[in-house]
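> Protein chains in written order, with the numbering used here: chain Z, 416 to 875; chain R, 22 to 218.
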Amino acid sequence: MKKTLFDKIWDSHVVESIPNGPDILYIDKHLIHEVTSPQAFNELKERNIPVFRSERIVATADHNTPTENQHLPVKDLLSRNQLRELSQNCEDNNITLYGLGHPYNGIVHVMAPELGITQPGMTIVCGDSHTSTHGAFGTIAFGIGTSQVAQVFASQCVLVEKPKKLRVNVNGKLRKGVLPKDVILYLISKLGTNSGTGYFCEYAGNVFEEMSMEGRMTVCNMSIEMGARGGLIAPDATTFEYVKGREFAPKGEQFEKMKSYWETLKTDEDAEFDKEFSFDAEDIEPMITYGTNPGMGIKISGAIPVEAGKSDTKALKYMGFKPGESLLEKPINYIFIGSCTNSRIEDFRMAASYIKGKRKADNVNALIVPGSRQVAEQIKAEGLHTVFEEAGFVLRQPGCSACLAMNDDKIPEGEYCVSTSNRNFEGRQGQGSRTILASPLTAAATAIAGKLFNYTESLN
Amino acid sequence: MEKFIKLTDTAIPLEIENIDTDQIIPARFLKATDRAGFGENLFRDWRFDKEGNPTKDFSLNDAAYSGSILVAGDNFGCGSSREHAAWALKAYGFKVVVSSYFADIFKGNALNNGLLPVQVSPEFLSTLFSAVTENPSEEINVDLEDQKIEIKSSKVSEHFDIDFYKKTCLINGFDDIDFLVSKLDAIKKYEEKQLQL
Ligand code: SF4
Numbered sequence: 416m417k418k419t420l421f422d423k424i425w426d427s428h429v430v431e432s433i434p435n436g437p438d439i440l441y442i443d444k445h446l447i448h449e450v451t452s453p454q455a456f457n458e459l460k461e462r463n464i465p466v467f468r469s470e471r472i473v474a475t476a477d478h479n480t481p482t483e484n485q486h487l488p489v490k491d492l493l494s495r496n497q498l499r500e501l502s503q504n505c506e507d508n509n510i511t512l513y514g515l516g517h518p519y520n521g522i523v524h525v526m527a528p529e530l531g532i533t534q535p536g537m538t539i540v541c542g543d544s545h546t547s548t549h550g551a552f553g554t555i556a557f558g559i560g561t562s563q564v565a566q567v568f569a570s571q572c573v574l575v576e577k578p579k580k581l582r583v584n585v586n587g588k589l590r591k592g593v594l595p596k597d598v599i600l601y602l603i604s605k606l607g608t609n610s611g612t613g614y615f616c617e618y619a620g621n622v623f624e625e626m627s628m629e630g631r632m633t634v635c636n637m638s639i640e641m642g643a644r645g646g647l648i649a650p651d652a653t654t655f656e657y658v659k660g661r662e663f664a665p666k667g668e669q670f671e672k673m674k675s676y677w678e679t680l681k682t683d684e685d686a687e688f689d690k691e692f693s694f695d696a697e698d699i700e701p702m703i704t705y706g707t708n709p710g711m712g713i714k715i716s717g718a719i720p721v722e723a724g725k726s727d728t729k730a731l732k733y734m735g736f737k738p739g740e741s742l743l744e745k746p747i748n749y750i751f752i753g754s755c756t757n758s759r760i761e762d763f764r765m766a767a768s769y770i771k772g773k774r775k776a777d778n779v780n781a782l783i784v785p786g787s788r789q790v791a792e793q794i795k796a797e798g799l800h801t802v803f804e805e806a807g808f809v810l811r812q813p814g815c816s817a818c819l820a821m822n823d824d825k826i827p828e829g830e831y832c833v834s835t836s837n838r839n840f841e842g843r844q845g846q847g848s849r850t851i852l853a854s855p856l857t858a859a860a861t862a863i864a865g866k867l868f869n870y871t872e873s874l875n
Numbered sequence: 022m023e024k025f026i027k028l029t030d031t032a033i034p035l036e037i038e039n040i041d042t043d044q045i046i047p048a049r050f051l052k053a054t055d056r057a058g059f060g061e062n063l064f065r066d067w068r069f070d071k072e073g074n075p076t077k078d079f080s081l082n083d084a085a086y087s088g089s090i091l092v093a094g095d096n097f098g099c100g101s102s103r104e105h106a107a108w109a110l111k112a113y114g115f116k117v118v119v120s121s122y123f124a125d126i127f128k129g130n131a132l133n134n135g136l137l138p139v140q141v142s143p144e145f146l147s148t149l150f151s152a153v154t155e156n157p158s159e160e161i162n163v164d165l166e167d168q169k170i171e172i173k174s175s176k177v178s179e180h181f182d183i184d185f186y187k188k189t190c191l192i193n194g195f196d197d198i199d200f201l202v203s204k205l206d207a208i209k210k211y212e213e214k215q216l217q218l
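1) Measure from the alpha carbon of Z/E805 to the alpha carbon of each residue in Z/A796, Z/G772, Z/V784, then state which is nearest.
2) Short of 6 Å in beta carbon distance, which residues of its chain neighbour Z/N504, apart from the five on each side in sequence? Order them along the chain.
3) In chain order, which continuous runs of the alpha helix (DSSP H) of length 4 or greater are located wholly inside the segment 427–511 of chain Z?
4) Along the chain, which unbroken stretches of the alpha helix (DSSP H) at least 4 residues long are found entirely within the segment 50–112 of chain R?
5) Which residues, in order along the segment 91–115 of chain R, keep a beta-carbon less than 7 Å from a beta-carbon of chain Z?
6) Check the Cβ-Cβ distances between Z/S716 and every residue of chain R, and say whether any is below 8 Å.
7) Counting only runs of 4+ residues fully inside the segment 766–813 of chain Z, write out the alpha helix (DSSP H) ranges in chain order.
8) Any heavy atom of the ligand SF4 inside 7 Å of the beta-carbon of Z/L852?
9) Once the 5 residues before and after Z/S754 are set aside, which same chain residues still bring their CB inside 7 Å of it?
10) Going by CA-CA distance only, name the one from Z/E722, Z/K737, Z/A730, Z/A776 that's closest to Z/P746.
11) Can you name the residues that DSSP bridges to Z/I539?
12) Who are the neighbours of Z/G521 on chain R, taking C-beta pairs under 8 Å?
13) Residues in the segment 70–89 of chain R with C-beta within 7 Å of chain Z's C-beta atoms, listed in sequence order?
14) Considering only the beta carbon of each residue, do Z/I442 and Z/A474 sit closer than 8 Å?
15) For the beta strand (DSSP E) containing R/Q18, name the first residue and the last one.
16) Any heavy atom of the ligand SF4 closer than 7 Å to the CB of Z/V583?
17) Determine the DSSP secondary structure at Z/S682, reduced to helix, strand or coil.
18) Express the C-alpha separation of Z/Y749 and Z/P813 in angstroms, rounding to a whole number.
19) Which bits of chain Z does R/P47 rub up against, with CB to CB less than 8 Å?
20) Are the beta-carbon atoms of R/K304 and Z/L493 separated by less than 8 Å?
21) Report the residue from R/S142, R/N96, R/I40 whose alpha carbon sits nearest the alpha carbon of R/V177.
22) To which residues of the same chain is Z/F663 closer than 8 Å at the C-beta, ignoring the five residues directly before and after it?
23) Using alpha carbons as the reference points, say which of Z/S452, Z/K729, Z/I539, Z/N584 lies closest to Z/S502.
24) Taking CB distances under 8 Å as the criterion, tell me whether R/L205 reaches chain Z.
25) Run the proximity test for R/D30: is its beta-carbon closer than 7 Å to any non-hydrogen atom belonging to the ligand SF4?
26) Give the interface partners of R/E133 over in chain Z, defined as CB-CB distance under 8 Å, in chain order.
27) Report the CB separation of Z/D763 from Z/I794 in whole angstroms; it is logged as a contact under 8 Å.
28) Count the other CB atoms within 10 Å of the CB of R/R56; is the residue buried (16 or more) or exposed (fewer)?
29) Could you tell me if Z/K580 is buried or exposed, where buried requires 16 or more neighbouring beta carbons within 10 angstroms of its beta carbon?
30) If you pair each beta-carbon of the segment 94–101 of chain R with each one of the segment 33–43 of chain R, do three or more pairs fall below 8 Å?
31) Under the criterion of a Cβ to heavy atom distance below 7 Å, does Z/E445 qualify as lining the ligand SF4?
32) I'd like to confirm the pairing. Which residues does DSSP put opposite Z/C616 in its beta bridges?
33) On the CB-based measure, 16 or more other CB atoms within 10 Å of its CB, does Z/P488 come out buried or exposed?
34) Measure the alpha-carbon distance for Z/T857 versus R/D197 and round it to whole angstroms.
35) Could you tell me how far apart the beta carbons of Z/I559 and Z/V573 are, in whole angstroms, since I believe they sit closer than 8 Å?
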């Protein structure tokens, strides 16, 4: 039978299929962090079950960490306690932890790929919905709940029903200023936030083939915002080139051997999908969201749709926008460039290239948070920090930060924030905060102008 | 895990679509390291105003409504994988959530905690909303064995789907960990086979 990329990886990881029930799926890598793991460790302790394969688990601290003074003890007591518990649990169970301050520390979906922990053909889970990011490498990667974290601790497996298969094709040439973030925001605005529920999505077409690994990660990251369990892209020369030489990637002969296997990981011609959509790259423009779910997106030059449903009315009221309104010229006081969607070096290079030699508008607070220590180092090595500092941007230490505002990095009530993160839910960036999702370029341009404007005309 | 077989109770309507996990339990309450206590902060920013007083127009604060069944708008539980959302609903006292659509991860989390997600048609959902808002003491029957949900007084009912394996787990109060641990031999065999490839 003709198989899709997804089938190939899934089928090779099935330990057993339960008749009339889920599959027992073997997990190659289990990533954990401080927020969704403590209850799972407790569960195991209470039942007296040991961690089965500690060498397949990697831990980091990211969600709840401060982005300033990381060398000092964490001020917030609850956060400190959660971080301490993570360290203790990792120590007790022989699990590798890249905690706060470690050179490999970072947002779980940024640090694992950059260390070569993420490799094509793997199954990867983490107690975090944006685990879909790793699909960029041609892996089956998805978020799980804490009960499932405990299951993986106990058995290195999860019980899951095989999802259905969806393919989204984008072909053509992207316009100037259109970034991978715009592509995925566009797709979600077209397909809706639950079009992918029950599906795993393969992204195909020349647009994704020509994208860098970092761009592919941005796209796969937001698969969950379409409702899908995960997204994936067939590994190719770009993937192998990225993985090669990374800390935990296979080396030498082993790498070549793996590579010849990875090369087989693509959808067979004529393999069938349960659902398929196709789009033209030329139709995509820089995107922004106007509401409180990521599907409520428009072209930056466009207007909020007039025909508003019930949930739209609620969302627009929260955002302080009107149907039919254009958001160009809206004053914006906050911008955030960070999160597992857009906090890799390319994102900061892109922002810096726009910002260089300019200064942020006086009304704007501009926050830049790298996704990992390694990205932070790279920012320095390339001198981007001076570009940001001279432009009046604040550069912080790595972590999830204002993406979910568990730490002190919050957007004040009623304020708009153009953010490169992935969720614009009510209060996501702080109580009463109003999030406008966009690409790093849009965020940078907004910071300079102090308002939303159509910068594409000024790009050369 | 607690068993779930049948339930007859009144319901609380929450006629809002796309209720995401950040609304169910905001991130700032995720710093705890045990499962208890999340009920207090369920729907925190909708239930309470800035001073911490209960809001007037929110159905969970409306004395007319009570019960362990939550009837919610389409696409319930979208957003993050935080199981805290299921814990918060459970701790608050809910045993069933009815909606016309559930996000995948939330659905799994709910089932793993003995909170039954009942997915109904949009038509049945709107009938249910009307029945409950017109008569808050209307009782709803939820029968997991027959996979049927029924409005007691009018006898209007609908069949709902549930994974056979999950249904068995709920009815017997088993959970996935017990099951997976019983499969460790098969899992080890799989690992050996993989090593040889
Ligand atoms: S950056 Fe945001 S979306 Fe990504 S893992 Fe952290 S909290 Fe989740």
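Every residue gets a Cβ at the ideal spot worked out from N, C-alpha and C, and that includes glycine. Quick caveat, the model's predicted, so the values are computed rather than measured.
Walking through what the data contain:
1) When C-alpha distances from Z/E805 are compared across Z/A796, Z/G772, Z/V784, the shortest belongs to Z/G772.
2) Around Z/N504: F456.
3) The segment 427–511 of chain Z contains these whole alpha helix (DSSP H) runs: 453–462, 492–507.
4) The segment 50–112 of chain R contains these whole alpha helix (DSSP H) runs: 65–68.
5) Contact residues of the segment 91–115 of chain R toward chain Z are N96, C99, G100, S101, S102, R103, E104 (C-beta to C-beta distance below 7 Å).
6) Chain R, which has no Cβ nearer than 8 Å to the Cβ of Z/S716, makes this no.
7) Note on the segment 766–813 of chain Z: whole alpha helix (DSSP H) runs with a minimum of 4 residues are 788–796, 799–805, in chain order.
8) No, the ligand SF4 has no heavy atom inside 7 Å of this Cβ.
9) Answer for Z/S754: C815, C818, T835, S836, N837, listed in chain order.
10) Ranking the options by Cα distance to Z/P746, first place goes to Z/A776.
11) Per DSSP, Z/K444, Z/A556.
12) Residues of chain R passing the Cβ test: none, with the nearest at roughly 19 Å.
13) So the list is empty, because no residue satisfies the distance condition.
14) The criterion of a C-beta distance shorter than 8 Å is not satisfied by Z/I442 and Z/A474.
15) Only positions 22 to 218 of chain R appear in this structure, which leaves residue 18 of chain R out of reach.
16) Incorrect: Z/V583 has no Cβ contact closer than 7 Å to the ligand SF4.
17) The sequence as given places Thr at residue 682 of chain Z; Ser does not occur at that position. DSSP, read as helix, strand or coil, puts Z/T682 in coil.
18) The straight-line gap from Cα to Cα measures roughly 19 Å.
19) The contacting residues are G842, Q846.
20) In the structure displayed, chain R extends from 22 to 218; residue 304 of chain R sits before or after that span and is not available.
21) Answer by Cα proximity: R/S142.
22) Here Z/F663 has L530, G531, I532 as same chain residues with Cβ atoms under 8 Å from its own Cβ, once five neighbours each way along the sequence are excluded.
23) Of the candidates Z/S452, Z/K729, Z/I539, Z/N584, the residue whose Cα lies closest to the Cα of Z/S502 is Z/S452.
24) Yes, its Cβ sits closer than 8 Å to a Cβ of chain Z.
25) Distances taken from the Cβ of R/D30 to the heavy atoms of the ligand SF4 include none shorter than 7 Å.
26) This sequence places Asn at residue 133 of chain R; Glu is not what is there. Per Cβ cutoff of 8 Å: G560, S562, Q563.
27) Here residue 763 of chain Z turns out to be Phe, not Asp, going by the sequence shown. Contact between Z/F763 and Z/I794 holds, with the beta-carbon distance rounding to 6 Å and staying under 8 Å.
28) By the neighbour-count rule (16 or more Cβ atoms within 10 Å), R/R56 is buried.
29) Buried, since its Cβ has 16 or more Cβ neighbours within 10 Å.
30) In the pairwise beta carbon analysis, the segment 94–101 of chain R is classified as touching the segment 33–43 of chain R: at least three pairs are separated by under 8 Å.
31) It should be noted that the sequence gives His, not Glu, for residue 445 of chain Z. False, no ligand heavy atom lies under 7 Å from that Cβ.
32) DSSP output for Z/C616 lists Z/L581, Z/G646 as bridge partner(s).
33) Label assigned to Z/P488: exposed.
34) Annotation: Z/T857 to R/D197 spans about 45 Å, alpha carbon to alpha carbon.
35) Right, the Cβ-Cβ distance comes to about 6 Å (below 8 Å), so this counts as a contact.
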